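Colleague: Note that full-length UniProt numbering gives residue 160 to position 160 of the sequence shown, counting from 1, and the numbers run on in steps of one. Just so you know, even glycine gets a beta-carbon here, dropped at the ideal spot from N, CA and C. Remember, it's a predicted structure, so these values are computed and weren't measured experimentally.
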Amino acid sequence: MAKTLVIAIDGPAAAGKGTLAKRLAIHYRLHYLDTGLLYRAVGRKAQAAGLDLDNPEEMTPIARDLNFHDIDEPSLRGREAGELASRVAAHSGVRQALNAFQREFAAQPGGALLDGRDIGTVICPDADVKIFVTASAEVRARRRTDELNAKGRTVVYERILEEVRQRDDRDSNRAVSPLKAADDAHLLDTSELSIDGVFRKACSLIDAQISR
Numbered sequence: 001m002a003k004t005l006v007i008a009i010d011g012p013a014a015a016g017k018g019t020l021a022k023r024l025a026i027h028y029r030l031h032y033l034d035t036g037l038l039y040r041a042v043g044r045k046a047q048a049a050g051l052d053l054d055n056p057e058e059m060t061p062i063a064r065d066l067n068f069h070d071i072d073e074p075s076l077r078g079r080e081a082g083e084l085a086s087r088v089a090a091h092s093g094v095r096q097a098l099n100a101f102q103r104e105f106a107a108q109p110g111g112a113l114l115d116g117r118d119i120g121t122v123i124c125p126d127a128d129v130k131i132f133v134t135a136s137a138e139v140r141a142r143r144r145t146d147e148l149n150a151k152g153r154t155v156v157y158e159r160i161l162e163e164v165r166q167r168d169d170r171d172s173n174r175a176v177s178p179l180k181a182a183d184d185a186h187l188l189d190t191s192e193l194s195i196d197g198v199f200r201k202a203c204s205l206i207d208a209q210i211s212r
C-alpha cells in the first residue's frame with residue numbers, strides 16, 4: 001500500500017456512505033472525517049443564535065470559526081440537522097471556509113478518508129480512490145424511515161421520500177459544488193446490497209486501484 005492514501009466517498013443522503021466510510025477508515029487505518037457534520041454544525045449554531053440560514057453574510061463567519069469541538073455533538077446526526085446543512089451548504093462563502101478545513105484534514109501524514117457530497121470533485125480531486133455511493137430515492141427513504149421508527153419516532157414513508165427528493169434536488173442543482181460523481185469515480189449502487197456486501201465491494205475497488 002502507498003505510504004499516503006486518500007479516499008473520497010461521495011453520494012446522496014441515506015445511500016449508506018457514512019456507514020461504509022467508517023468501516024473503510026478502520027480497515028485501511030486512515031484518519032476519517034464525515035464532512036457533512038461540518039455543514040450540520042454551521043446550521044445548528046446559526047439556528048441556536050437566531051440567525052437567518054438563507055443569509056450568506058450571516059453564515060460565512062460561523063463557518064470560518066468552526067472547529068472539531070463543534071462537530072462532536074450527537075444531535076448533529078439527526079434529520080433536522082441534515083436539513084439545516086443542506087440550506088447553509090448553498091452559500092459559496094460557507095463552502096470556501098469549510099473547503100479549507102477539509103483540505104487541511106486530507107493532507108495529514110498517513111492519508112485520510114473523507115465522505116460527503118463534493119470530495120472527489122472539489123475537495124480532493126487528486127484522491128487515490130473515489131467512490132460515489134448511491135441508491136434509489138425509494139430505497140433511501142425506506143432506510144431512513146425504518147431507522148427513525150426504530151429510534152421511537154413515528155414517521156411516514158411518503159413524507160420521508162418527499163424530503164429525500166427535495167434534498168437531492170437542492171444538493172444536485174445548487175450553483176456551488178453541486179452533488180455529482182467525479183468523472184473517475186467508481187459508482188457503487190447499494191440498493192440491492194447488504195452492509196457487508198457494500199463493504200466487500202468497496203474494498204475490492206480500492207484494492208484494485210491501489211494495486212495499479
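Short of 6 Å in beta carbon distance, which residues of its chain neighbour residue 170, apart from the five on each side in sequence? Order them along the chain.
Modeller: Answer for residue 170: 86, listed in chain order.
Colleague: If you run the structure through DSSP and keep just helix, strand and coil, what is residue 189?
Modeller: In this structure, residue 189 counts as strand in the three-state DSSP scheme.
Colleague: Among 176, 127 and 161, which has the Cα closest to the Cα of residue 182?
Modeller: 127
Colleague: Within 10 angstroms of its Cβ, does residue 10 collect 16 or more other Cβ (buried), or is it exposed?
Modeller: Buried: at least 16 other Cβ atoms inside 10 Å.
Colleague: So, helix, strand or coil for residue 2, using DSSP?
Modeller: Reliability fails at residue 2, whose pLDDT of 46 lies under 50, so the model's placement of it is uncertain and the value that follows must be treated cautiously. Three-state result, residue 2: coil.
Colleague: Is there contact between the segment 38 to 53 and the segment 151 to 170, where contact requires at least three CB pairs shorter than 8 Å?
Modeller: no
Colleague: Provide the residue(s) that pair with residue 132 in DSSP beta bridges, ordered along the chain.
Modeller: As a beta-bridge residue in DSSP terms, residue 132 pairs with 10 and 187.
Colleague: For the segment 75 to 143, which segments carrying the alpha helix (DSSP H) assignment without a break, of at least 4 residues, lie completely within its bounds, in sequence order?
Modeller: 79 to 88 and 92 to 106
Colleague: Output yes or no for whether 8 Å exceeds the beta carbon distance between residue 98 and residue 7.
Modeller: Contact flag unset, no.
Colleague: Kindly give me the distance between the Cβ atoms of residue 46 and residue 26, rounded to whole angstroms, as I take these residues to be in contact under 8 Å.
Modeller: Between residue 26 and residue 46 the Cβ distance is about 32 Å, and since that is not below 8 Å, they are no contact.
Colleague: Figure out for me which residue from 13, 102, 66 and 55 has the closest Cα to the Cα of residue 90.
Modeller: 55
Colleague: Assign residue 207 to one of three DSSP states: helix, strand, or coil.
Modeller: helix
Colleague: When burial is assigned at 16 or more other CB atoms within 10 Å of the CB, is residue 102 buried or exposed?
Modeller: In summary, residue 102 is buried, with 16 or more beta-carbon neighbours lying within 10 Å of its beta-carbon over all protein chains present.
Colleague: How many angstroms separate the CA atom of residue 148 from the CA atom of residue 18?
Modeller: 16 Å
Colleague: Which residues in the same chain have their Cβ closer than 8 Å to the Cβ of residue 36, if we skip the five residues on either side of it in sequence?
Modeller: 18, 82, 85, 115, 116 and 117
Colleague: According to DSSP, is residue 33 helix, strand or coil?
Modeller: strand
Colleague: So, for residue 178: in the same chain, excluding its five sequence neighbours on each side, which residues have a beta-carbon less than 6 Å away from its beta-carbon?
Modeller: Here the set comprises 172.
Colleague: Does any C-beta atom of chain C lie closer than 8 Å to the C-beta of residue 189?
Modeller: No chain C appears in the structure shown, which is made up of a single protein chain.
Colleague: Between the Cα of residue 142 and the Cα atoms of 134, 76, 158 and 5, which residue gives the shortest distance?
Modeller: 158
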